[in-house]
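Structure first, commentary second.
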Amino acid sequence: MPLLENGHHVADRWTALPDAEPVPDDGPVLVSLDRLKAEADTLWTRSAPIGVRLPNDVPVSALVAAVGGALDRLSLIVLSFPAFKDGRAYTQARQLRDTHGYQGSLRATGDVLRDQLYFMARCGIDAVEIDSTDPEGDWQASVTTFGAVYQPASDDRTPISVQRLAALGRKGVAA
Amino acid sequence: MYQYDAHDQALVDQRVSEFRDQVSRRLSGALTEDQFKPLRLMNGLYLQLHAYMLRVAIPYGTLSSHQMRVLAHIARRYDRGYGHFTTRQNIQYNWIKLADAPDILADLAAEQMHAIQTSGNCIRNVTSDPWAGVAADEIEDPRIAAEILRQWSTFHPEFSFLPRKFKIAITGAPTDRAAVKVHDIGLRMHRDERGAVGYEVIVGGGLGRTPIIGKTLRPFLPKEHLLSYLEAIMRVYNTHGRRDNMYKARIKILVEALGIDEFRRQVEAEWEPLRDGALRLPPETYAAITERFAPPLYEQRTGSVATLVRDPETDPALARWVQANVAPHKVPGYGIVNISLKGTGQIPGDATASQMELVAKMADLYSLGEIRVTHEQNLVLPHVRLSDLPALWRTLDAGDLATPNVGLISDIIACPGLDYCSLANARSIPLAQALSERFSDMTRAQAIGPLHINISGCINACAHHHVGHIGVLGVDRKGEELYQITLGGRSDEAAALGRIVGPAVPAHQAIEMIAGFVDTYLAIRHPGELFIDTVERLGTAPFKETLHAAA
Amino acid sequence: MARKLRADAPRIITANRLIDGVVVYRAADGSWTTRLNKARVVTNAPDLDAMMPGCMADVEACQVVSLDVVEVLHDPKAGPRPLGQRETIRAAGPTIVLPVDRPIPAARPSA
Numbered sequence: 001m002p003l004l005e006n007g008h009h010v011a012d013r014w015t016a017l018p019d020a021e022p023v024p025d026d027g028p029v030l031v032s033l034d035r036l037k038a039e040a041d042t043l044w045t046r047s048a049p050i051g052v053r054l055p056n057d058v059p060v061s062a063l064v065a066a067v068g069g070a071l072d073r074l075s076l077i078v079l080s081f082p083a084f085k086d087g088r089a090y091t092q093a094r095q096l097r098d099t100h101g102y103q104g105s106l107r108a109t110g111d112v113l114r115d116q117l118y119f120m121a122r123c124g125i126d127a128v129e130i131d132s133t134d135p136e137g138d139w140q141a142s143v144t145t146f147g148a149v150y151q152p153a154s155d156d157r158t159p160i161s162v163q164r165l166a167a168l169g170r171k172g173v174a175a
Numbered sequence: 001m002y003q004y005d006a007h008d009q010a011l012v013d014q015r016v017s018e019f020r021d022q023v024s025r026r027l028s029g030a031l032t033e034d035q036f037k038p039l040r041l042m043n044g045l046y047l048q049l050h051a052y053m054l055r056v057a058i059p060y061g062t063l064s065s066h067q068m069r070v071l072a073h074i075a076r077r078y079d080r081g082y083g084h085f086t087t088r089q090n091i092q093y094n095w096i097k098l099a100d101a102p103d104i105l106a107d108l109a110a111e112q113m114h115a116i117q118t119s120g121n122c123i124r125n126v127t128s129d130p131w132a133g134v135a136a137d138e139i140e141d142p143r144i145a146a147e148i149l150r151q152w153s154t155f156h157p158e159f160s161f162l163p164r165k166f167k168i169a170i171t172g173a174p175t176d177r178a179a180v181k182v183h184d185i186g187l188r189m190h191r192d193e194r195g196a197v198g199y200e201v202i203v204g205g206g207l208g209r210t211p212i213i214g215k216t217l218r219p220f221l222p223k224e225h226l227l228s229y230l231e232a233i234m235r236v237y238n239t240h241g242r243r244d245n246m247y248k249a250r251i252k253i254l255v256e257a258l259g260i261d262e263f264r265r266q267v268e269a270e271w272e273p274l275r276d277g278a279l280r281l282p283p284e285t286y287a288a289i290t291e292r293f294a295p296p297l298y299e300q301r302t303g304s305v306a307t308l309v310r311d312p313e314t315d316p317a318l319a320r321w322v323q324a325n326v327a328p329h330k331v332p333g334y335g336i337v338n339i340s341l342k343g344t345g346q347i348p349g350d351a352t353a354s355q356m357e358l359v360a361k362m363a364d365l366y367s368l369g370e371i372r373v374t375h376e377q378n379l380v381l382p383h384v385r386l387s388d389l390p391a392l393w394r395t396l397d398a399g400d401l402a403t404p405n406v407g408l409i410s411d412i413i414a415c416p417g418l419d420y421c422s423l424a425n426a427r428s429i430p431l432a433q434a435l436s437e438r439f440s441d442m443t444r445a446q447a448i449g450p451l452h453i454n455i456s457g458c459i460n461a462c463a464h465h466h467v468g469h470i471g472v473l474g475v476d477r478k479g480e481e482l483y484q485i486t487l488g489g490r491s492d493e494a495a496a497l498g499r500i501v502g503p504a505v506p507a508h509q510a511i512e513m514i515a516g517f518v519d520t521y522l523a524i525r526h527p528g529e530l531f532i533d534t535v536e537r538l539g540t541a542p543f544k545e546t547l548h549a550a551a
Numbered sequence: 001m002a003r004k005l006r007a008d009a010p011r012i013i014t015a016n017r018l019i020d021g022v023v024v025y026r027a028a029d030g031s032w033t034t035r036l037n038k039a040r041v042v043t044n045a046p047d048l049d050a051m052m053p054g055c056m057a058d059v060e061a062c063q064v065v066s067l068d069v070v071e072v073l074h075d076p077k078a079g080p081r082p083l084g085q086r087e088t089i090r091a092a093g094p095t096i097v098l099p100v101d102r103p104i105p106a107a108r109p110s111a
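Chains as they are written, first to last, in the UniProt record's numbering: chain A, 1 to 175; chain B, 1 to 551; chain C, 1 to 111.
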């Protein structure tokens with residue numbers, strides 16, 4: 001399935017590792033949360049990046065605990081949208097970004113629809129696996145649907161309320 | 001009232017473009033029905049029995065005369081010349097074509113309206129007191145917070161795919177005209193000991209399959225924390241609300257399962273990192289929105305509704321209408337005019353395009369261009385000079401809009417029922433019509449006093465039958481339409497759920513039962529005692545005796 | 001298609017037209033008709049199964065949605081009639097007199 005990172009169609013450099021398979025010596029690997037917990041000692045000694053799959057019914061706090069509070073030891077967290085209407089991972093994304101300050105990549109997988117990319121991007125998801133013939137076009141169309149936003153989220157867009165206050169302030173200075 | 005600025009306008013215009021693209025992708029086959037359904041629902045478009053139904057948002061029930069004229073235009077151009085005002089202060093059109101929906105949204109957007117989030121598993125249109133800003137008993141205009149909530153919840157990236165729909169109601173007055181205790185979140189304004197205004201946050205109320213009265217999560221939330229606290233509630237709900245069973249997916253089920261104390265603990269934990277963040281509302285933000293709800297310039301006048309009713313010079317028919325339909329205004333010399341959409345034999349909440357235009361014209365002439373929609377499915381002209389009442393009344397009367405029954409027995413709340421709705425099990429409208437014929441004597445209706453009958457055509461309870469003084473639920477028993485009656489429900493500050501009396505019966509028997517309950521009440525009430533208070537004082541037993549007598 | 005149907009009960013296939021939501025019925029010639037009495041009635045499972053691929057193809061082709069099989073009363077002379085309140089209303093429209101948008105007369109002058 002096509003992978004988009006920040007809107008660009010890229011080859012997936014990550015090796016998604018089933019739990020039974022041995023961990024290769026190098027190259028970025030993506031493991032389950034259970035494996036991350038069980039094999040923490042060996043995984044962290046590798047020099048290559050580690051990513052983890054976070055099921056959408058596992059609290060973010062469990063992942064934070066599993067990495068000893070240092071989420072930035074991870075380079076990728078893969079979120080799950082088992083059905084497009086199951087929106088739990090939006091909250092996980094915002095908790096990872098805003099509450100815990102996670103800086104690495106956040107990838108959406110599962111039932112990802114073009115019309116949801118806007119919401120995902122605003123929640124701090126920067127990568128998606130999407131079944132599409134024109135993934136870059138879909139990303140571009142969706143994330144630019146609305147020119148402004150009402151509420152602060154996990155992106156860097158300035159909410160309309162803040163823009164309004166700034167405009168008032170400018171008027172105040174001019175007056 | 002609130003007027004869009006360039007930001008608001010751009011968003012609804014962009015929404016129209018987005019939906020136009022989505023509809024064309026659906027018609028071309030690029031989207032399947034399963035993929036399209038949640039997208040159309042987030043624009044208020046349902047597939048009902050005979051056609052698509054479009055639900056247009058009327059945020060907190062406030063609209064201008066211009067907007068009402070657009071609603072009339074849509075009824076005439078795209079529908080069959082009428083619309084249905086709902087218990088969520090919205091309007092629904094029953095005969096819409098999918099192919100027309102983008103054009104309708106464009107016509108709405110041109111007059112600062114939309115159908116955003118009027119359906120789907122997202123935060124729905126925020127409802128409020130229809131007398132907001134003019135009620136004599138109000139602490140502060142609740143529409144200011146309602147508008148702040150509207151903006152916060154619109155296209156909220158985190159909360160657009162919740163376990164289930166989510167309804168918020170807010171009242172600024174001690175008398176609750178917004179039914180806040182039967183919403184997912186209810187907000188009641190209070191003042192603290194220093195006089196600062198804040199909100200009591202009530203959570204987990206709701207009707208439907210599992211009716212529950214909401215519980216107080218926080219007795220007093222300072223204004224500045226409104227959004228951060230609600231975001232924390234939503235976050236707990238989005239994470240833990242059930243998704244395995246749609247009948248158990250509302251927040252009320254989660255609150256019941258966790259218990260209010262554990263739910264509160266989780267919300268507070270989630271709130272801690274949010275409370276002083278970007279969602280904190282500085283006073284300037286409140287001030288900027290408050291300015292957009294600045295009260296109109298009233299004239300210096302005197303007089304009250306009561307003196308007008310008592311004046312022997314007043315036409316008795318006018319006096320009766322004033323007594324039933326005009327409420328005290330906070331400004332002397334003005335009244336709040338309630339327009340009944342419950343004429344004898346009429347379909348509750350329905351208005352023709354011509355009636356909408358008449359109301360718009362009356363608003364321009366007599367109400368500073370402003371109109372409200374109530375959750376009782378009536379309309380309101382909020383700023384009417386008492387001296388204009390006779391002329392207004394005569395004109396409304398010519399349009400069958402002056403039935404003097406607001407809050408009385410024939411002011412029946414009813415959902416569309418099986419005549420239109422694909423979810424319904426039984427019809428609601430014919431029973432409402434028959435009851436309004438039965439109680440068409442307005443002198444008797446006034447003697448009976450305030451009495452709310454609510455008729456829902458299925459367990460989803462769109463007509464709020466659980467909180468009707470007399471509630472009626474339509475059921476389907478082996479192909480037969482039957483009606484289950486409850487007594488003692490109320491949606492105000494003393495909210496309570498009605499109790500079932502007797503077995504479900506066919507419509508004609510339901511009418512006789514209700515008539516019998518009214519006779520019983522008239523026989524046993526204390527002087528001046530309301531129907532609901534008699535039921536509260538004596539329980540349902542004396543009314544059940546009516547049933548035995550009738551059997 | 002939630003209801004369990006008797007194997008030999010007379011049945012028809014119904015749906016709503018995608019573009020406007022209008023109720024339609026599958027006719028004998030494989031078209032969709034708005035008239036219930038033109039619907040093809042089947043009384044056995046093989047006949048019903050044989051109709052399905054064509055109907056599904058029309059769902060795929062974005063002609064109709066909400067495909068459903070419903071039981072009917074079958075009068076060989078008059079054609080099928082609806083069974084139950086819901087299908088009666090789907091076939092014939094609301095049971096109530098719909099509001100009519102009439103011009104509103106001017107107010108009577110004050111007394």
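Beta carbons are placed, not taken as given, at the ideal position from N, Cα and C, and that holds for glycine.
Residue i versus residue j - alpha carbon distance
| i | j | result |
| --- | --- | --- |
| B/L379 | A/V64 | 53 Å |
| B/N325 | C/A107 | 19 Å |
| C/A9 | C/V72 | 8 Å |
| B/E262 | B/A106 | 45 Å |
| residue 609 of chain B | B/A327 | The requested residue 609 of chain B is not part of the displayed model; chain B covers only 1 to 551. |
| A/L43 | A/L71 | 14 Å |
| B/V472 | B/V518 | 15 Å |
| C/P99 | B/E480 | 26 Å |
| A/L96 | A/S105 | 11 Å |
| B/Y78 | B/M53 | 11 Å |
| B/R265 | A/D126 | 32 Å |
| B/G449 | B/P211 | 27 Å |
| A/D12 | A/Q116 | 21 Å |
Those residues which DSSP pairs with residue i across a bridge
| i | result |
| --- | --- |
| B/N325 | None; B/N325 has no bridge partner. |
| B/N454 | B/I413 and B/G471 |
| B/F166 | B/I123 |
| C/Y25 | C/T14 and C/T33 |
| B/A496 | B/R490 |
| A/H9 | A/L4 |
Status (buried if at least 16 other CB within 10 Å, exposed otherwise) for residue i
| i | result |
| --- | --- |
| B/I500 | exposed |
| B/H508 | exposed |
| C/V97 | exposed |
| residue 178 of chain A | There is no way to answer for residue 178 of chain A, as the model of chain A reaches only from 1 to 175. |
| C/T43 | exposed |
| B/G186 | buried |
| B/M42 | buried |
| A/I31 | According to the sequence displayed, residue 31 of chain A carries Val and not Ile. Flag for A/V31 reads buried. |
| B/I524 | exposed |
| C/R102 | exposed |
| C/A2 | Because the pLDDT at C/A2 is just 44, under 50, the model does not fix this residue reliably, and the point stays unresolved. |
| A/E39 | exposed |
Identity of the residue in the options nearest residue i by Cα
| i | options | result |
| --- | --- | --- |
| B/L63 | B/T239, B/P174 and B/W131 | B/W131 |
| B/E545 | B/M513, B/F531, B/L530 and B/R525 | B/M513 |
| A/A20 | A/R35, A/D98, A/P2 and A/D26 | A/R35 |
| B/A146 | B/D137, B/H114, B/T175 and B/R188 | B/R188 |
| B/T290 | B/D276, B/A110, B/A319 and B/I148 | B/I148 |
| A/T45 | A/V60, A/V23 and A/A62 | A/V23 |
| B/E376 | B/T352, B/A72, B/V406 and B/S65 | B/V406 |
| B/L365 | B/A351, B/V384 and B/E138 | B/V384 |
Beta-carbon separation (whole angstroms), residue i vs residue j, contact threshold 8 Å
| i | j | result |
| --- | --- | --- |
| B/L217 | B/I260 | 7 Å |
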